[in-house]
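Asker: Heads up: the sequence shown at position 41 corresponds to 41 in UniProt numbering, and the numbers run straight through without jumps. Ideal placement from N, C-alpha and C gives every residue a C-beta, glycine not left out. Owing to the predicted nature of the structure, the values given are computational and were not obtained by experimental measurement. Encoded as structure tokens, here's the structure I'll be asking about.
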Amino acid sequence: MPISSEKEEILLSNAVDAYKLGQFKSIQAAASHFGVSKWKLRNRSNGTPNKKGRTATNKALNQSQERSLIR
């Protein structure tokens, strides 16, 4: 059974912290230990935000444009 996205985010956060603190010599080792994708861990350690932190790509207007239309 796949893990929930909330649990995966916690694991990724813990893995990034452990890797940056030098507890693991490689991203692969940290990913294996925490049971997460090495690609997701690499992206997070490079600063890519999680899905909730990203701007939606299917929106035609940004927030300021939307507010100006509502006025």
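For the candidate residues 25, 38, 26, 22, whose alpha-carbon lies nearest to that of residue 11?
Answerer: Closest option to residue 11, Cα to Cα, is 38.
Asker: If you drop the 5 nearest sequence neighbours on each side, which residues of the same chain put their C-beta closer than 7 Å to that of residue 30?
Answerer: Excluding positions up to five away in sequence, the list reads 15, 18, 19, 24, 41.
Asker: Please list, in chain order, all residues of the same chain as residue 27 whose beta carbon is under 7 Å from its beta carbon, the five residues on each side excluded.
Answerer: Cβ within range, chain order: 19, 38, 41, 42, 45.
Asker: Using a threshold of 8 Å, state whether the C-beta atoms of residue 8 and residue 36 are closer than that.
Answerer: Yes, they are a contact pair.
Asker: List the endpoints of the continuous alpha helix (DSSP H) containing residue 31.
Answerer: Element bounds for residue 31: 27-34.
Asker: Compute the Euclidean distance between the alpha carbons of residue 48 and residue 69, then round it to the nearest angstrom.
Answerer: Whole-angstrom Cα-Cα distance: 31 Å.
Asker: Can you tell me the Cα-Cα spacing of residue 13 and residue 58, whole angstroms?
Answerer: Their Cα atoms are separated by approximately 27 Å.
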